[in-house]
Amino acid sequence: MKVKCPICKQITTWEENPYRPFCSEHCKMIDLGKWAMGEYRISTPIEDDEDASSGYIPEDS
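Residues in the sequence shown are numbered from -18 upward in steps of one, following my numbering.
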């Protein structure tokens, strides 16, 4: 199966690619750096159903 790398948009083979979904270690590390620098964010808090129904409030809130 052929897929497009989410970083550089190069077409790469999915099977036996140790860096998938990226085409290379370089693109994988670019993506990791974006997470580390806060460029990617989850837009809303993710609530666990059990915590939401029990009224649990995390200590850092």
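Idealized CB from N, CA, C, for every residue including glycine.
Note that the structure is a prediction, hence the values are computed from the model and not measured.
Check, Outcome
"Using the Cα positions of residue -1 and residue -18, report the straight-line distance between them to the nearest angstrom.", "14 Å"
"Around the Cβ of residue -11, are there at least 16 other Cβ atoms within 10 angstroms (buried) or fewer (exposed)?", "exposed"
"Apart from the five residues on each side of it in sequence, which residues of its chain come closer than 8 Å, Cβ to Cβ, to residue -4?", "-18"
"Apart from the five residues just before and just after residue 8, which ones in its own chain have a Cβ nearer than 6 Å to its Cβ?", "-14, -12, -11"
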